[in-house]
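**Q** I'd like to ask some things about the structure below.
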Amino acid sequence: MTIVTTNPTRQTLFNEQHALASAGGDAEVLREIASLFLADLPRRLDELREAVQLAAFERVAYVAHSLRGSAAVFGSDAAVEATLRLELLAQHRKAEALPAAATEVEFLLRKLAETVAREVVHLEG
Numbered sequence: 000m001t002i003v004t005t006n007p008t009r010q011t012l013f014n015e016q017h018a019l020a021s022a023g024g025d026a027e028v029l030r031e032i033a034s035l036f037l038a039d040l041p042r043r044l045d046e047l048r049e050a051v052q053l054a055a056f057e058r059v060a061y062v063a064h065s066l067r068g069s070a071a072v073f074g075s076d077a078a079v080e081a082t083l084r085l086e087l088l089a090q091h092r093k094a095e096a097l098p099a100a101a102t103e104v105e106f107l108l109r110k111l112a113e114t115v116a117r118e119v120v121h122l123e124g
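Right, dumping it as structure tokens:
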């Protein structure tokens with residue numbers, strides 16, 4: 000899996016060019032977006048874990064959809080695919096598959112957060 004790239008592939012975890020483009024090419028805006036993402040992620044992952052434990056399908060789908068949007072900002076194809084898969088499992092009420100899919104989402108988003116914290120801080124602009 001590609002962790003950081005400026006040449007996107009299907010399994011990209013973080014794409015700097017895409018992230019900058021999402022922020023209108025403004026590194027300061029991207030740093031602010033990154034800061035909000037990093038601050039909010041723990042709460043959102045807690046919410047996801049709780050919804051999965053309760054098999055609250057609509058809530059799982061909603062949180063997964065929201066997390067997918069965040070992952071997309073950073074060009075994280077791997078996390079976007081995983082969150083979409085989780086969202087679809089929830090929509091189809093596949094309770095037995097939710098824990099493993101949620102674990103994958105959490106793993107990828109934590110890796111994305113580590114990468115964003117490391118890479119975005121150093122962007123010039």
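Position 89 of the sequence shown, counted from 1, bears residue number 88 in numbering that gives the first Met the number 0, the numbering being contiguous throughout.
Glycine is no exception: its CB is placed at the ideal position from the N, C-alpha and C atoms.
1. Do you know how far the Cα of Ala116 is from the Cα of Leu37?
2. Within 10 Å of its beta-carbon, does Arg67 have 16 or more other beta-carbons around it, so buried, or fewer, so exposed?
3. Between the alpha carbons of Gly74 and Leu97, how many angstroms are there, rounded?
4. DSSP three-state label for Phe13, please.
5. Does the Cβ-Cβ distance between Leu83 and Val62 come in under 8 Å?
6. Report the CB separation of Leu44 from Glu105 in whole angstroms; it is logged as a contact under 8 Å.
7. Alpha helix (DSSP H) containing Arg92: first to last residue?
8. Below 8 Å on the Cβ atoms is my guess for Gln90 versus Ala71; work out the distance and round it to an integer in Å.
9. Confirm, please, whether the CB-CB distance from Ala26 to Leu19 is below 8 Å.
10. Cutting at 6 Å between CB atoms, please list the residues of its own chain near Ser69, excluding the five before and the five after it.
11. What would DSSP say about Phe36, mapped onto helix, strand or coil?
12. Reducing DSSP to helix, strand and coil, say where Ser65 ends up.
13. Reducing DSSP to helix, strand and coil, say where Val120 ends up.
**A** Reading off the structure:
1. 8 Å
2. buried
3. 24 Å
4. strand
5. no
6. 5 Å
7. Looking at the DSSP string, Arg92 is not in any alpha helix (DSSP H), and its letter there is neither H nor E.
8. Actually they do not touch by this definition, with Cβ atoms about 18 Å apart.
9. yes
10. Phe36
11. helix
12. helix
13. coil
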